[in-house]
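Visitor: In our numbering, each residue's number is its place in the sequence shown (first place is 1) plus 12. Every residue gets a Cβ at the ideal spot worked out from N, C-alpha and C, and that includes glycine. Nothing here was measured: the structure is a model prediction, and the numbers come from that model. Okay, handing you the structure first.
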Amino acid sequence: MTPQDLMKQEVGKAAAARVQSNSIVGLGTGSTTAFAIEFIGKRLADGEITNVKGIPTSFQATVLAKQYGIPLTTLDEADRIDIAIDGADEVDPNKNLIKGGGAAHTQEKVVDALANQFIVVVDNTKIVDKLGSTFLVPVEVIPMAVTPVMRAIEKLGGKPQLRMGVKKAGPVVTDQGNLVVDVKFDSIDNPADLEKTLNNIPGVLENGLFVGVADLILVGEVQGDKVIIKEM
Ligand SMILES: O=C(CO)[C@H](O)[C@H](O)COP(=O)(O)O
Numbered sequence: 013m014t015p016q017d018l019m020k021q022e023v024g025k026a027a028a029a030r031v032q033s034n035s036i037v038g039l040g041t042g043s044t045t046a047f048a049i050e051f052i053g054k055r056l057a058d059g060e061i062t063n064v065k066g067i068p069t070s071f072q073a074t075v076l077a078k079q080y081g082i083p084l085t086t087l088d089e090a091d092r093i094d095i096a097i098d099g100a101d102e103v104d105p106n107k108n109l110i111k112g113g114g115a116a117h118t119q120e121k122v123v124d125a126l127a128n129q130f131i132v133v134v135d136n137t138k139i140v141d142k143l144g145s146t147f148l149v150p151v152e153v154i155p156m157a158v159t160p161v162m163r164a165i166e167k168l169g170g171k172p173q174l175r176m177g178v179k180k181a182g183p184v185v186t187d188q189g190n191l192v193v194d195v196k197f198d199s200i201d202n203p204a205d206l207e208k209t210l211n212n213i214p215g216v217l218e219n220g221l222f223v224g225v226a227d228l229i230l231v232g233e234v235q236g237d238k239v240i241i242k243e244m
């Protein structure tokens, strides 16, 4: 396991340890959350916690929850989400995030924003002074609007690029059947304004800026030969 994978595993485990019996848990997407899902499943299997139901944020989360024996529910059935655990691509000092590296940010924002407590799990490579420093802003777009949306984003000063598949010819298609445009902004001075402005472009479904949504950030960091977990 690489040091980064080790950080992801330990931070996933730390978040899973916060899940209590009789709770409804938002299950995020990505490689860090995958460890959290695995450990929630283990705690259920060991009888350490009981009566936990998951609400997945993607096809990936659904598959993992089934693999690790976490019963699932839906937003139509559940009256609340007690805790959501999800990864991020960047975290700033105000706990604002860029998400969507796995093209799942639309469902993630719905679930994470509804949770009474939203815990973000990251390794320390994801911590930045300013959003947009290392990662592009993902924007989910309905397919027929992709060209006008890209033009509108250019007018805002962004440099958009259509996300292409890996080991799949053509663009990435989201779980909703849409496309993802990744946008480079020279400087994101006001993430809250940009989040709203992007979502106001006709044809945009949702973007990966998560402003004021996260309650707690758990950060995995290698120190010597072990991983410590810091809180933000
Ligand atoms: O937002 C996401 C998926 O849409 C992920 O949570 C984000 O990309 C982080 O993934 P990872 O834990 O694999 O680095």
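1) Would you kindly work out how many angstroms separate the C-alpha atoms of Val31 and Arg92, rounded to a whole number?
2) List in chain order: all unbroken alpha helix (DSSP H) runs of 4+ residues lying wholly within the segment 59-98.
3) In the segment 152-185, which residue ranges form an unbroken beta strand (DSSP E) of at least 3 residues, counting only runs that do not cross its ends?
4) Within 10 Å of its beta-carbon, does Pro155 have 16 or more other beta-carbons around it, so buried, or fewer, so exposed?
5) Given a threshold of 16 other Cβ atoms within 10 Å of its Cβ, counted over all protein chains shown, does Asn190 qualify as buried or as exposed?
6) Whole angstroms is fine: what's the gap from Val216's alpha carbon to Glu207's?
7) Taking 6 angstroms as the cut-off, is the CB of Lys111 close to at least one heavy atom of ligand 1?
8) From the DSSP output, read off the bridge partner residues of Phe147.
9) Secondary structure at Lys54, three-state DSSP: helix, strand or coil?
10) Leaving aside the five residues before and after Ser145 along the sequence, list all residues of the same chain whose C-beta is less than 8 angstroms from its C-beta, in chain order.
11) Between Val103 and chain C, is there a C-beta pair that is closer than 7 angstroms?
12) Can you grab the Cα-Cα spacing for the pair Phe51 / Thr45, in whole Å?
13) Would the C-beta of Asp101 count as close to ligand 1, meaning under 6 angstroms from any of its heavy atoms?
14) Skipping 5 residues on each side, what residues in its chain have a beta carbon closer than 7 angstroms to that of Ala27?
15) Return yes when at least one heavy atom of ligand 2 lies under 6 angstroms from the C-beta of Ser35, else no.
16) Could I get the ranges of all uninterrupted alpha helix (DSSP H) runs contained in the segment 193-240, with 4 residues as the minimum, in chain order?
17) Any heavy atom of ligand 1 within a distance shorter than 6 angstroms of the CB on Gly232?
18) Would you kindly check if the distance between the Cβ of Leu109 and the Cβ of Pro68 is under 7 angstroms?
19) What residue range does the alpha helix (DSSP H) around Gln32 cover?
20) Under a three-way DSSP split, which group does Asn136 fall into?
21) How long is the line joining the alpha carbons of Asp4 and Asp201, rounded to whole angstroms?
22) Val225 and Ala73: beta carbons closer than 7 angstroms?
Guide: In short, the structure shows the following:
1) Here the alpha carbon of Val31 sits roughly 15 angstroms from the alpha carbon of Arg92.
2) Counting only runs of 4 or more, we get 71-79.
3) Listed in chain order, they are 171-174.
4) Burial call: exposed.
5) Asn190 comes out buried.
6) Cα to Cα, Val216 sits roughly 11 angstroms from Glu207.
7) Correct: Lys111 has its Cβ closer than 6 angstroms to ligand 1.
8) Paired residue(s): none; Phe147 is not in a bridge.
9) In the three-state DSSP reduction, Lys54 falls in the helix class (H, G or I).
10) These residues qualify, in order along the chain: Glu102.
11) Absent here is chain C; the protein component of the structure consists of one chain.
12) So the alpha carbons of these two residues sit roughly 10 angstroms apart.
13) Yes - ligand 1 has a heavy atom lying nearer than 6 angstroms to the Cβ of Asp101.
14) Leaving aside the five residues that flank Ala27 on each side, the residues in its chain whose CB is nearer than 7 angstroms to its CB run, in chain order, Ala48, Ile97, Ile131, Val133, Leu230.
15) Ligand 2 is absent from the structure shown, which contains only ligand 1.
16) Counting only unbroken stretches of 4 or more residues, the alpha helix (DSSP H) elements lying wholly within the segment 193-240 are 203-211, in sequence order.
17) Annotation for Gly232 indicates a beta carbon at 6 angstroms or more from all heavy atoms of ligand 1.
18) If you check the CB distance, Pro68 and Leu109 do not come in under 7 angstroms.
19) It is not in any alpha helix (DSSP H) - Gln32 carries neither H nor E in the DSSP assignment.
20) Asn136: helix per DSSP, three-state reduction.
21) As shown, the chain starts at 13 and ends at 244. That puts residue 4 outside it, with no answer to give.
22) Between Val225 and Ala73, the gap from beta carbon to beta carbon reaches 7 angstroms or more.
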